[in-house]
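Taking it in order: structure first as structure tokens, then the write-up.
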Amino acid sequence: MSSFTKSQSEAIRHQDGPLLVLAGPGSGKTTVVTKRVQYLVQDCHISPSSILVITFTKAAATEMKERFLRLMEQSEEKPQGYGNVLFGTFHAVFFNILKLSYGFTAANILREETRYQYMKEIVDRLKLEIDDENEFISGVLGEISLIKNERISLEHYFSKNCAEDIFRKIFASYEQRKRNARLIDFDDMLSYTWELLTKRPDILEAWQKKFRYILVDEFQDINRLQYDILRLLAQPENNLFIVGDDDQSIYRFRGAKPEIMLNFQKDFPTAGRVLLNDNFRSTRQIVNAAGRVIRKNQSRFAKEITARGGEGPGVRILAFEDQQQECLYLLKEMQEYKKNGGAWQQMAVLYRTNTQPRLLIQKFMEFNVPFRVRDQVPNLFEHWIAKNLFCYIRLACGSKLRKDLLPVLNRPKRYMNRECLNDEIICWEYMMDYYKDKPYVCDKIERLQYDLKMLGRMGPFAAINYIRHVMGYEEYLKEYAEFRRMNAEDLMEVLNELQESARAYKTYDEWFAYMERYKKEMDEMRKRQQEVKEGVHLATMHSSKGLEYDKVFILDAAEGITPYKKAVLDADLEEERRMFYVAMTRAKKELTICWAKKQFSHELTVSRFVEEMKDDRAV
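Here it is, written out as structure tokens:
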């Protein structure tokens with residue numbers, strides 16, 4: 003134990019009863035968990051098969067198991083059956099319980115693509131006119147998860163994606179479809195386990211006797227249902243060893259409840275608490291700057307983190323006139339770092355949303371900088387709004403195809419139906435004749451023809467402006483956002499970005515040729531991702547958690563981006579601050595925070611999080 007700090011040793015040597023271990027960034031929590039399992043097996047002679055270690059990802063469970071087995075193999079004393087300690091995710095552990103009680107097999111698990119297919123069929127059957135179908139389905143499935151994991155009554159739930167009656171119909175149809183096929187999804191693994199253990203005390207008792215020692219990693223990410231099941235399983239001995247960092251709880255959108263960790267000692271009044279407050283990863287400058295930011299949160303355990311990563315340069319905060327300059331600076335800085343003997347893979351660019359790195363990716367491809375993207379970056383030109391604009395432009399350039407007019411026929415509202423398009427080729431005379439008894443619709447048809455003529459004479463930038471403001475497409479988007487209970491600003495942002503991308507091109511042909519090239523390059527980049535072993539890492543703040551790099555750049559640290567504009571409530575802002583803290587603490591040696599003063603002609607201001615740490619900056 004001499005190689006461990008006092009608090010690490012205290013956590014490792016804990017034996018019976020509940021214990022809360024607060025593990026700051028870079029504090030060696032995985033080592034503490036695996037060493038404690040070794041201590042229980044070797045020193046306390048606990049049966050390995052009665053120890054359960056729960057993590058949130060399969061990769062983390064595998065890594066922990068491998069580390070534990072390595073520790074045991076290097077040890078002189080090897081108790082029999084030490085490999086029987088169970089390491090698994092919540093879902094894997096709970097599915098195992100269901101398997102033994104209900105006879106479920108892997109064939110009963112609903113596959114993700116089938117889940118989406120069910121939802122698509124339900125949306126079609128209900129005749130919902132949804133443009134962003136995948137986004138809508140994702141949103142609704144997220145809400146179904148929330149209802150199950152929080153055990154919320156459907157009658158008292160107000161959907162964020164559609165009207166309540168529609169949501170309830172979708173929910174009922176989805177559940178019925180699964181039942182008919184005898185399939186369960188990942189949320190059912192939790193809700194069925196809760197049902198089973200609360201209704202069958204004999205089965206609960208058997209599992210309580212089986213798992214006498216339970217260790218949970220990344221406890222700050224736990225949701226209500228997972229916690230309730232865990233409390234049942236831990237009784238009556240309550241040998242519950244939980245490890246996590248309330249300051250790194252960033253999954254509220256998935257149902258994670260940081261307050262569960264904050265209230266753990268109220269639920270278990272006898273629980274001890276150990277703080278792993280040594281950060282072995284980062285320099286003093288990075289740790290102190292990050293500490294100043296996170297201290298602004300109210301709902302947290304007060305803690306002082308001590309840097310053990312030595313001294314380094316101050317955190318740099320750099321302002322740029324626009325995003326073009328910001329990206330060119332990052333490119334130059336990275337090339338310089340590589341030239342001076344650094345490795346591409348020791349650098350990372352972190353950002354709040356997965357649409358932010360588009361311009362940077364373009365620059366990387368242009369200058370042949372190798373990179374790896376941890377999250378899928380959506381192609382702007384495949385967005386349904388982009389497809390609508392392209393329909394108008396193709397019609398303006400002479401297309402007579404029904405398939406180009408149909409998607410935008412009522413965007414904005416023109417009170418026309420698809421029956422007025424009687425053939426694959428548009429016949430304007432037929433349309434006028436079809437609506438001859440409705441002169442106001444005929445006026446709309448004539449106006450559309452005039453607008454298309456006007457568009458045909460414009461360049462791409464002016465055309466998008468015309469479609470938005472003269473043809474009324476923005477008004478249509480506002481109405482659509484209201485129907486979908488979305489923020490209209492999100493849709494306007496897509497329009498802004500599309501218009502900005504068109505600015506550099508004089509003709510439609512040039513713009514479309516650029517899009518084709520971009521699509522090919524993106525497809526190539528996705529194919530090559532697995533081959534790129536040594537590349538700069540690009541990641542959202544969410545997916546950067548648990549990773550570390552010598553040199554980290556935070557992109558676009560401006561108000562409205564981070565914190566994200568949707569974060570209005572105190573709880574949302576605190577989550578945004580935790581995300582920023584996670585991003586900062588990924589850096590081991592150097593941290594650079596960048597922001598652009600302008601985005602799509604909008605003036606931006608620096609993020610409040612930067613202001614909160616500014617007395618430590620080196621500009």
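In our numbering, each number is its position in the sequence shown, counted from 1, plus 2.
The beta carbon of each residue, even a glycine, is placed where N, CA and C say it ideally should be.
| query | result |
| --- | --- |
| Count the CB pairs spanning the stretch 491-509 and the stretch 448-464 that are closer than 8 Å, and state whether there are at least three. | yes |
| Counting only runs that start and end within the stretch 503-537, where is the alpha helix (DSSP H) found for 4 or more residues in a row? | 510-530 |
| Please name the residue, chosen from M586, E491, V55, that lies closest to K37 on a Cα-to-Cα basis. | V55 |
| For L454, which residues from the same chain have a beta carbon less than 6 Å from its beta carbon, with the 5 sequence-adjacent residues on both sides left out? | L397, A398 |
| Evaluate contact between the stretch 46-63 and the stretch 335-343, counting only Cβ atoms and requiring at least three cross-stretch pairs below 8 Å. | no |
| Going by DSSP in three states, C422 sits in which element: helix, strand or coil? | helix |
| Using DSSP's beta-bridge definition, name the partner residues of M349. | K553 |
| Taking just the CA atoms, how far does W209 sit from G30? | 30 Å |
| What alpha helix (DSSP H) runs, 4 residues minimum, are completely inside the stretch 93-146? | 114-127 |
| From L606 to Q327, what distance separates their C-alpha atoms? | 15 Å |
| In three-state DSSP terms, what is T91? | strand |
| Taking the DSSP output, what are the residues bridged to I244? | L22, V218 |
| With a 10 Å radius around its C-beta and 16 neighbouring C-beta atoms as the bar for buried, classify K201 as buried or exposed. | exposed |
| Based on the DSSP secondary-structure assignment, which residues constitute the bridge partners of Q601? | H604 |
| Kindly give me the distance between the Cβ atoms of G257 and N225, rounded to whole angstroms, as I take these residues to be in contact under 8 Å. | 4 Å |
| Can we say the stretch 546-557 touches the stretch 404-423, given the rule of at least three CB pairs closer than 8 Å? | no |
| Counting only the same chain and skipping the five closest in sequence on each side, list residues whose C-beta sits under 8 Å from that of L622. | Because the chain here runs from 3 to 621, residue 622 falls outside it and cannot be looked at. |
| Excluding the five sequence neighbours on either side, which residues of its own chain have a C-beta within less than 7 Å of the C-beta of S545, listed in chain order? | R376, D377 |
| On the three-pair Cβ rule with 8 Å, is the stretch 112-126 touching the stretch 245-259? | no |
| Relative to the C-alpha of I319, which candidate in K599, Q10, L21 has its C-alpha closest? | K599 |
| Give me, in chain order, the residues of the same chain whose beta-carbon lies closer than 7 Å to that of N390; leave out the 5 immediate sequence neighbours on both sides. | P409, V410, R413 |
| Is it buried or exposed, C164, if we count other Cβ atoms within 10 angstroms and call 16 or more buried? | buried |
| Nearest to T116 by CA position, among D187, F96, I149, is which residue? | D187 |
| Give every residue of the same chain whose Cβ lies closer than 6 Å to the Cβ of I563, excluding the five residues on either side of it in the sequence, and list them in chain order. | R354 |
| Using DSSP with H/G/I as helix, E/B as strand and the rest coil, what is E152? | coil |
| Under 8 Å between the Cβ atoms of A309 and T285? | yes |
| Just mark D249 as buried or exposed, buried being the case when its beta carbon has 16 or more other beta carbons within 10 Å. | buried |
| Could you say which of G458, K591, I231, F221 lies nearest to I511 if we only look at CA atoms? | Checking the sequence, you will find Asp at residue 511 rather than Ile. Nearest C-alpha to D511: G458. |
| So T33 is in the beta strand (DSSP E); what residue range does that whole segment cover? | Per DSSP, T33 belongs to no beta strand (DSSP E); it is in the alpha helix (DSSP H), 31-44. |
| Whole beta strand (DSSP E) runs in the stretch 227-304 with 3 or more residues, listed along the chain? | 242-246, 274-278 |
| Please name the residue in V245, A94, L192 whose C-alpha comes closest to that of Q228. | L192 |
| Which same chain residues end up closer than 8 Å to L73 when comparing Cβ atoms and leaving out the 5 residues on each side of it in sequence? | T36, K37, Q40 |
| Determine the burial state of N489: buried for a count of at least 16 other Cβ atoms within 10 Å of its Cβ, exposed for fewer. | exposed |
| Could you name the residues of the same chain whose beta carbon sits closer than 8 Å to that of H47, not counting the 5 residues immediately before and after it, in chain order? | P81 |
| Do you know how far the Cα of A515 is from the Cα of Y438? | The question names Tyr, but residue 438 is Lys in the sequence shown. Their backbone Cα atoms lie some 41 Å apart in a straight line. |
| When you compare only the Cα positions, how much space is there between P203 and N279? | 41 Å |
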